[in-house]
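Undergrad:
In the numbering used here, the protein residues as written are 1 to 319.
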């Protein structure tokens, strides 16, 4: 790197400690969240920052306002596969390299998707509450639930996570259908030409597509009606891809059977109308949150930044 220090700004406290420690050991680091007056700090030091380390989480990212305060920024390294919280257009226009962490989290996110699917179908969480509340003794047998085997698992977005989810669905004797903007001749699954067509056929509609403006509220009232009163929605993508108010209305009207949700439109806020329902399983955006995956993601962020700082090609470039 030469004698000039490579100055790295860490955006927020959600970054893994393993990553922070590696960055501290190799670069000159600053933590934005620790500054008493972040705006004043950026005015004073923003021009000296070479790299920004952040994540795709809605609370992190890198919006246009922040990028404007980092006039000499050269690279953004994001801890996560999604990058909808990063202003990609601004980065591209300024020639700022952006990296993410695809691949290393696919299997854990797919595991979570399958877990949500099984949970909401067989009412695992709801029946657990039933037992703990004493209702098994007081009310007797828990109501019947929904079989998974033989049902259609409709996957929206057949990228790496979607393909891993498909393998898991097949292991449970499910018939895999999918909707993807581009054809996937490399897979043996049934492709639909539209999301509505897939929703009409699916018993479980599993969302594994990217977030961002192009997919905002892609799952709307029409899609939910097409899914139907025996259909379940599973979201391990981004909260923004589902019209949350339409989802609540569909659940309340019995237009769909239930939902398994790891992500939300305004997380960490979750609408009270969802919290109160036994036909909805809720997890706190934990799909990739295992010790193993977090370590692999942290290492990939570090390897990307180290390569860039040494004038080498980054490993997983977005733009």
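Ideal placement from N, C-alpha and C gives every residue a C-beta, glycine not left out.
#1: For the alpha helix (DSSP H) holding residue 217, just list the boundary residues, first then last.
#2: Note the first and the last residue of the continuous alpha helix (DSSP H) segment covering residue 196.
#3: For residue 46, does the three-state DSSP call read helix, strand or coil?
#4: Quick one: is the Cβ of residue 106 within less than 8 Å of any heavy atom of the ligand FAD?
#5: In terms of residue numbering, what span does the alpha helix (DSSP H) encompassing residue 83 cover?
#6: At the level of alpha carbons, what is the spacing between residue 319 and residue 309?
#7: In this structure, does DSSP put residue 57 in helix, strand or coil?
#8: For residue 280 and residue 43, I'd like the C-alpha separation in whole angstroms.
#9: Are the CB atoms of residue 109 and residue 161 nearer to each other than 9 Å?
#10: On the three-state DSSP scale, how would you describe residue 290?
#11: Let me confirm a value: residue 131 is counted as buried when at least 16 other C-beta atoms fall within 10 Å, else exposed. Which label applies?
#12: May I ask you to report which of helix, strand or coil DSSP gives residue 192?
#13: Does the region 273-291 touch the region 141-151, meaning 3 or more C-beta pairs lie closer than 8 Å?
#14: Please report how far the alpha carbon of residue 83 lies from the alpha carbon of residue 210, in whole angstroms.
#15: Is it true that the CB of residue 54 sits closer than 9 Å to the CB of residue 78?
#16: Less than 9 Å between the beta carbons of residue 72 and residue 47, yes or no?
#17: Under the rule that 16 or more other beta-carbon atoms within 10 Å means buried, what is residue 89, buried or exposed?
#18: Take residue 227 as the anchor and find which of 28, 239, 152 and 56 has the nearest alpha-carbon.
#19: Go through the region 122-203 residue by residue and report every complete run of the alpha helix (DSSP H) that reaches 4 residues or more, in order.
#20: How is residue 269 classed by DSSP in three states: helix, strand or coil?
#21: Along the alpha helix (DSSP H) that carries residue 259, what are the first and last residues, could you check?
#22: Decide if residue 123 is buried, meaning its Cβ has at least 16 other Cβ atoms within 10 Å, or exposed.
TA: Straight from the coordinates:
#1: Counting along the chain, residue 217 falls outside any alpha helix (DSSP H), and DSSP gives it neither H nor E.
#2: 195-201
#3: helix
#4: You won't find the ligand FAD in this model; it holds no ligand whatsoever.
#5: Per DSSP, residue 83 belongs to no alpha helix (DSSP H) and is neither H nor E.
#6: 17 Å
#7: coil
#8: 45 Å
#9: yes
#10: coil
#11: exposed
#12: strand
#13: no
#14: 8 Å
#15: yes
#16: yes
#17: exposed
#18: 152
#19: 124-132, 135-139, 160-171 and 195-201
#20: coil
#21: Taken as a continuous stretch (DSSP letters only), residue 259 belongs to no alpha helix (DSSP H), being part of the beta strand (DSSP E) at 258-261.
#22: buried
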